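Numbering-wise (the numbering used here), the sequence shown opens with residue 221 and increments by one.
The C-beta atom is built at its ideal place from N, Cα and C for all residues, glycine as well.
These numbers come from a predicted model, not from an experiment.
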Amino acid sequence: MSGSLLTDVTMFVLAVLVGFEVISKVPATLHTPLMSGANSIHGIILLGVVIVAGSARTPLEYALVAIAAAFATANVVGGYLVTDRMLEMFRTRDGRRGPAARGDSAPKAAGKKVPAPRGATGSEVAR
221 MSGSLLTDVT
231 MFVLAVLVGF
241 EVISKVPATL
251 HTPLMSGANS
261 IHGIILLGVV
271 IVAGSARTPL
281 EYALVAIAAA
291 FATANVVGGY
301 LVTDRMLEMF
311 RTRDGRRGPA
321 ARGDSAPKAA
331 GKKVPAPRGA
341 TGSEVAR
């Protein structure tokens, strides 16, 4: 085993261990946004694929570049899809955002009708 390969493997193992420790300390409520952002940032991998593709010479290298490009593209697209789905949870049916859009604030006019919450019965609406 050459010195360069040993150094590369050591760096990889250390990166895995540090990454595991950092991710394990993140609270569950922040895990989805963290991973969503990390997946979209992984677009840098696509840049690495382009750089490596420029120096590929054998069919095996071209195949590995194609596989890496496919995985990196899937990772980036998946990151954006998860982010979009997560942000969709904060939108209402009419496209507005925020507490006023969800009906959390009191009506401004006394005669203004407030829509009943989903699943509410007649006695809950009369209050």
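By the criterion of a C-beta distance shorter than 7 Å, Leu254 is surrounded in its chain by Val246, once the five residues flanking it on both sides are discounted.
Cβ atoms of Gly299 and His262 come within 8 Å of each other, at about 7 Å. Residue environment: Ala290 is assigned as exposed (fewer than 16 neighbouring CB atoms within 10 Å of its CB, all protein chains considered). Ala235: member of the alpha helix (DSSP H) spanning 223–244, first to last residue. For Ala273, the uninterrupted alpha helix (DSSP H) run begins and ends at 264–275, by DSSP.
A residue is called buried when at least 16 other Cβ atoms come within 10 angstroms of its Cβ; Ala292 meets this threshold and is buried.
The beta-carbon distance between Val269 and Ala283, rounded to whole angstroms, is 13 Å. This is too long to meet the 8 Å contact definition.
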